[in-house]
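Numbering (this note's numbering), first residue to last: 8 to 664.
Have a look at the structure below, then the notes.
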């Protein structure tokens, strides 16, 4: 045998071989499960920087209610969402979430606070961890580690309880979890393990269970946004490319003032917290014809992802044309640049120490920066002031032996001055420079997408997500792409995904075709062909020459898959007397995979079909049908012994192999 061990040889498992011809059956009615009836759909937008939920009763789907106002909002930041921050007690028990967590942590005495575990912006960890498992850990502000699954489950449980409480208060009677269909949004560019991780965390939080997975839908953020954008009326958005006045504002002031007036208009309607979604296709949408394409750019705190959709009439179903792409270009990039600027002025050694020794003051400083970050605009001329917390000034003097003012004078960073009121004064240019690297990456990435052959003739670009509120980003996107398509921003842009996710939960069938993010197949034995198969794959069993480790493909990466579509293959045991049949399922990001031993091929499921005790009078070539059903973010596989109808099912699992 060859030097390396081959899975098929080492398992001593005789394996399966394809029954020719291999055929695909499109079986639309294979899975007519009884549709469960839920009274309400609750969607949770679990964001990197802020989170929120919204809901709608299935009896009145045109009303979307956004969660109640949170206690403790920030100055200069009006929003319906709460910061994605979580605080655990020194005993690692859940204490609080959102503003409450932040404020409580902030008010602790520094001697105490170092024992409490405070987490923020932790969602990015799921994007950046290459080999995510149930054991992956997150690091709190004080440096202690906790399992990521626990933190995510605590956060989801918090939202579950808040939402059920609000529903119960509203209805006057206790609302049961079983009456709710939950929708959780995730970035489309997340890899499969991260999407599965979210589902596991939701099970742990008690929203749904492996026995009842339909109760939870994992929705992709740009798809949710896309569904909501279709419902937009002209007065609910700002068209950056229109030369005509929007809502009676002329274009020159649209970007700055039009947006503020629009915000005022939204704020006045805020009190109601209920959004009517007219059950029509919005005006902008009525301009789209069969086959038209549009891009949804979802720019949030952590990631930016882009999806290209095409309309399929008559019912206006969506078809994903180009697989979701994007990257970690969210508004956190701006915070990171600010941190680099502070390191340049005060020294990296000091900033590192300050974060560890005064974590609550560091959080304060970033909050102060956040509200100024939101005031940045292309045409701004007056400087932006950022208040430095007293303990920053104090600790710096102890650490360095000279004042913050002195540091600023000698740092020769021209754009940042010290003001006598204890603030950093940043010129607008300095602030804009902090945005530049992130915005440049977004524009560059979008240009790359526009250059793809699948992406010609795009009619609209919808800019959504929290970062889309930034006039600097709006202007950059409009300047770069305004000549190619119309750039549209929904008015309550930070809530677009949340509302779209509710609509998706009410009607999950609206997304019809997705692109498979991976290639899937099973490991099989083929008859060995001299010259075609590599000699090290030769396996001789009972006088038959087999080629092992062959990857038999079910679907390729980037292939279009209709939702619920089933791909079927037929196999037969390589050894007729075999009674336990093991089928291993593999995935790869590559299109062309020949063998399961190639680099990048990962095992993601096993079907064990035990045929002991079945009737001996089965045909000598037993047919084992294997089906893979491509559903929402989950994929189900099943093997059936045709002669006895014995079957076994498995969900594809990326976390435990």
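Positions of the beta carbon are idealized from the N, C-alpha and C atoms, including for glycine.
Buried or exposed for residue 142, going by 16 or more other Cβ atoms inside 10 Å? Counting Cβ neighbours within 10 Å, residue 142 comes out exposed, since fewer than 16 surround it.
Span of the beta strand (DSSP E) holding residue 336? Looking at the DSSP string, residue 336 is not in any beta strand (DSSP E), and its letter there is neither H nor E.
Can you tell me where the alpha helix (DSSP H) with residue 683 in it begins and where it stops? The question about residue 683 has no answer, for the chain in this structure spans 8 to 664.
When the distance is taken between beta carbons, is residue 52 closer than 9 Å to residue 716? Absent from the model: residue 716. The displayed extent of the chain is 8 to 664, so no value can be given.
Output the distance between the C-alpha atoms of residue 526 and residue 558, rounded to the nearest integer angstrom. Spanning the two alpha carbons is a distance of roughly 10 Å.
Start and end residues, beta strand (DSSP E) containing residue 531: Taken as a continuous stretch (DSSP letters only), the beta strand (DSSP E) holding residue 531 covers 526 to 534.
With DSSP run on the structure shown, which of helix, strand or coil describes residue 650? In the three-state scheme derived from DSSP, where H, G and I count as helix and E and B as strand, residue 650 is classed as coil.
Would you call the region 456 to 471 and the region 350 to 366 in contact, with 3 or more CB pairs under 8 Å? Between the region 456 to 471 and the region 350 to 366 there are fewer than three C-beta pairs closer than 8 Å, too few to call the two in contact.
According to DSSP, what are the bridge partners of residue 52? According to DSSP, residue 52 bridges with 59.
Under 8 Å, with one C-beta from each stretch per pair, do the region 336 to 353 and the region 431 to 446 reach the 3-pair mark? Contact between the region 336 to 353 and the region 431 to 446 is present, because at least three Cβ pairs lie under 8 Å.
Decide yes or no for the touch test of the region 175 to 188 against the region 212 to 224: beta carbon pairs closer than 8 Å, at least 3 of them. Verdict: yes, contact present.
Reference residue 429; option with closest CA among 103, 603, 397 and 440: It is 397.
Compare the C-beta of residue 106 against all C-beta atoms of chain C and say whether one is closer than 9 Å. Here there is only one protein chain, and chain C is not present.
Between the CA atoms of residue 116 and residue 153 - distance to the nearest angstrom: The straight-line gap separating the alpha-carbon atoms of residue 153 and residue 116 is approximately 23 Å.
Can the beta-carbon of residue 521 be found closer than 9 Å to that of residue 490? In this structure, residue 490 does not lie closer than 9 Å to residue 521 by Cβ.
Leaving aside the five residues before and after residue 495 along the sequence, list all residues of the same chain whose C-beta is less than 6 Å from its C-beta, in chain order. Annotation for residue 495: 244, 246, 467 and 469 place their beta carbon closer than 6 Å to its own, counting only its chain and skipping 5 residues before and after.
Where do the ends of the alpha helix (DSSP H) carrying residue 364 lie? Taken as a continuous stretch (DSSP letters only), the alpha helix (DSSP H) holding residue 364 covers 355 to 364.
Pull up the DSSP beta-bridge partners for residue 559, would you. 529.
Extent of the continuous beta strand (DSSP E) run through residue 126: Per DSSP, residue 126 is one residue of the beta strand (DSSP E) stretching across 124 to 127.
So for residue 420, helix, strand or coil by DSSP? Secondary structure of residue 420 (DSSP, three-state): coil.
Enumerate in chain order the residues of its own chain whose CB-to-CB distance from residue 61 is below 7 Å, with the five nearest sequence positions on each side excluded. Closer than 7 Å at Cβ, skipping near neighbours: 50, 71, 72, 73, 74, 505, 506 and 509.
Would you call the region 433 to 440 and the region 191 to 198 touching, i.e. three or more CB-CB distances under 8 Å? Counting Cβ pairs under 8 Å, fewer than three are found: no touch.
When the Cα atoms are used, what is the spatial distance from residue 483 to residue 475? Going by C-alpha positions, residue 483 is about 11 Å away from residue 475.
Classify residue 36 as buried or exposed, calling it buried when 16 or more other Cβ atoms lie within 10 Å of its own Cβ. With a pLDDT of only 40 at residue 36, under the threshold of 50, the placement of this residue in the model should not be trusted; the figure read from the coordinates follows. Around the beta carbon of residue 36, fewer than 16 other beta carbons lie within 10 angstroms, which makes this residue exposed.
Residue 219, buried or exposed, once every other Cβ within 10 Å from all chains shown has been counted against 16: Exposed, by the Cβ-count rule.
Per DSSP, residue 572 is paired with what? Beta-bridge pairing links residue 572 to 637.
DSSP three-state call for residue 307: helix, strand or coil? It is coil, neither helix nor strand.
Within a Cβ cutoff of 7 Å, which residues of the same chain sit near residue 492, ignoring the five residues on either side of it in sequence? Excluding positions up to five away in sequence, the list reads 465, 466, 467 and 468.
Complete beta strand (DSSP E) runs within the region 412 to 478 (minimum length 3 residues, chain order): Within the region 412 to 478, the runs of beta strand (DSSP E) at least 3 residues long that lie entirely inside it are, in chain order, 423 to 426, 430 to 433 and 465 to 471.
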